[in-house]
Structure formats: C-alpha cells, structure tokens
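Residue numbers (this note's numbering): 88 to 396.
Structure (structure tokens):
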C-alpha cells in the first residue's frame, strides 16, 4: 500500500538500476559463474531484485535506467574532478552490467542508457515526459539526489529498507524540501560524487540558509543579510558565500538533474514491451541460472517454463 495519496494514478516505475547492480556486486558471494567461467554475482543479485520488484508490483509502465556515462558525462566537461574519487569499474563488473541490461530488455522492460547522461538524468527526463501522459513516478532508489524530482503524487522507494516517501517526506529525511535538494547539495557538497560545495558550509548551515532564503539564487542575491542571521558562524558563512559564489553556482549545475535528456525510441508512457523469449532463454543458459530462478524469470515474462530434459 502506497504511503502517498493518489496511488490510483497510473504509476511509472523508474528503477535506478546501477545502484542495485553495485549493491549486488559488493554483497553477493563470488561463487556464481557463467558458461564461460566468468563471474556473475552482480547479475544474480540484480536478477533477484528485479524479479522481486516485478512479482510484487506487476508494473505496466517501467523504466530501468543504467549509468553508461561513467567518465563521459556532460558534468565531467563542466568539472573534470566530478566523481574522480571513484575507482573505475573492473572489467568483470562492466561485463555484468551488459548482462543486466540485456536481461531487463529480454523481460520487455524499457532500458535507458546514454553516454553523456547519467541514470538520474534519464529517470528525471522519463518522469518529466510521463507526467504529460497522466502518470505519477515511483522512483526505485535510495539516492537522495533523486528526491529533487518528487512532486505531486510521486514517491521514492528505498526498496531494500521497504521505505517510501513523497515530496512532503523529504524534509524529515534531509532537512530541506524536495525542490531545494540541488541547491542544498550545491552548498554543502556531496562527497560521494566529489562535489565540493562551498568550503565551510555544512549540511546544517545549508539547511538553515535555505529555510530562510528559499533558494540558492535568493541567498546569493541577498548575501549581505546572512551575517545578521542568528546562527553560530553567520558572518563567516557570509564571507565564504561571497568568496565562493561562482563555485556554488557551478556545483548547482552538477547537482541538478537534467530533465530533457534524449530517451531514444521508447514510447512516451513507457509501457512494458514485448518479451524476447529467445533472448531470455539464451541468457538463462549463458548465465547458468538455476531452475528456480529460470522458473521465476519465465513467470515474470508471462511464459510457460519447461525444464530442459
């Protein structure tokens, strides 16, 4: 049961696939191998997640977004150090990402990936497009960055923890409103993505400033007022904001999710498509899925499963 009013509005499920592939890569035991003897632990973990999602929700409209722009994203051109703190994905994980994309596509799910846009941008663009067709979004991810997309009857779902929240629930989680998330991260930075923010402005100060001024633009326009606010270090915060104004604006470019990324030939409502039975059978064989996983795969695809003789 959704915790957000408006659950009767047709949902579009927007899956932050890379998050769940990485989680599986780090949590699943390294004991799974494909037909060529290569590791498949991330694929097995991702397949379990995807099956559980499809079995529980039976989505009629769904997008599964992957990160292909690991070092070629438009944000890297703006700020070369963007995500530079992350080691490159090993080859065996890159191979498994390809299998995960193929698996989602074989199940008839709309797979999105782009060399210049991240999964967050593809999710934001798909949601923006789907709203014009009467859908609300269900963003399947724990990533706080994606909370900036929430509006109206949208919700975000931390699948692993079983927690759901709408736009009204963002403040309790992060101290700012949903529409302020990009400005908030531009001020206090985001260590995960190597975004520096404004030096000396922490999460609490960023939240206080946005509560008073409403937005980064208003804050910078009225920066002379900051020193008169009643919080410890107000005068120093004002000085830092003056000194690092350009950096704050650059950081907001990095933290703002793009909602006009190219989405390719996917239909505007992102209805679940036709299952590729031959591709699904080939993947089950290549990835050496056990009989239980194969049976669940076929059931999720609406196909009859006949165990090999």
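We put the beta carbon where it would ideally sit given N, CA and C, even for glycine.
Keep in mind that this is a model prediction, so the values were computed, not measured.
| Query | Result |
| --- | --- |
| Beta-carbon proximity check, residue 344 vs residue 245, cutoff 8 Å | no |
| Proximity winner among 211, 386, 222, relative to residue 236 (alpha-carbon distances) | 211 |
| Opening and closing residue of the alpha helix (DSSP H) in which residue 367 lies | 364-373 |
| Buried or exposed by the 16-neighbour rule on C-beta atoms within 10 Å, applied to residue 90 | Bear in mind that a pLDDT of 47 at residue 90, under 50, signals an unreliable position, so the number given afterwards is only what the model happens to contain. Residue 90 should be labelled exposed. |
| Best match in 342, 226, 281 for proximity to residue 169 [C-alpha to C-alpha] | 281 |
| Segment contact, 8 Å Cβ cut-off, at least three pairs: the stretch 324-336 with the stretch 162-181 | no |
| Inter-stretch contact (C-beta, 8 Å, three-pair minimum) for the stretch 370-390 and the stretch 245-265 | no |
| Other residues of its chain near residue 184: CB distance less than 7 Å, five sequence neighbours each side excluded | 108, 153 |
| Beta-ladder partner(s) of residue 245, from DSSP | 250 |
| CB of residue 128 within 8 Å of CB of residue 119, strictly | yes |
| Contact check, residue 261 vs residue 291, beta carbons under 8 Å | no |
| Residue ranges of each beta strand (DSSP E) within the stretch 154-227, 3 or longer | 197-199, 223-227 |
| Whole-Å CB distance - residue 279 paired with residue 324, under 8 Å assumed | Contact flag wrong, Cβ pair sits at about 23 Å. |
| Residue from 142, 234, 220 with nearest C-alpha to residue 97 | 220 |
| Whether residue 306 touches residue 271 by CB criterion (8 Å) | no |
| Closest residue to residue 206 among 227, 189, 132, 383 (Cα-Cα distance) | 227 |
| Rounded C-alpha distance that separates residue 88 from residue 99 | Confidence in residue 88 is poor, its pLDDT being 39 and thus under 50, which makes the residue's placement too unreliable to answer from. |
| Any non-hydrogen atom of the ligand ADP within 7 Å of residue 374 CB | No copy of the ligand ADP occurs in the structure displayed, which carries no ligand at all. |
| Euclidean distance between Cα positions of residue 274 and residue 335 | 6 Å |
| Exposed unless 16 or more other CB atoms sit within 10 angstroms - verdict on residue 361 | exposed |
| Among 191, 131, 150, 204, the one whose alpha carbon lies nearest that of residue 341 | 204 |
| Assigned exposure category for residue 197 - 16 Cβ within 10 Å defines buried | buried |
| Expected contact under 8 Å - CB spacing of residue 199 and residue 213 to nearest Å | 7 Å |
| Residue nearest to residue 123 in terms of C-alpha spacing, selected from 320, 259, 179 | 179 |
| Residue environment, residue 113, which counts as buried when at least 16 other CB atoms sit within 10 Å | exposed |
| Residue 290: first and last residue of the uninterrupted alpha helix (DSSP H) it sits in | 290-300 |
| Residue 134 versus residue 284: straight-line alpha-carbon distance, rounded | 37 Å |
| Between the CA atoms of residue 238 and residue 313 - distance to the nearest angstrom | 29 Å |
| Distance, residue 338 Cα to residue 277 Cα | 9 Å |
| Rounded C-alpha distance that separates residue 286 from residue 310 | 16 Å |
| First and last residue of the uninterrupted alpha helix (DSSP H) at residue 268 | 268-275 |
| Contacts around residue 117, its chain only, beta-carbon distance under 8 Å, and the 5 residues preceding and following it disregarded | 126, 128 |
| Beta-carbon spacing of residue 357, residue 150 below 8 Å | yes |
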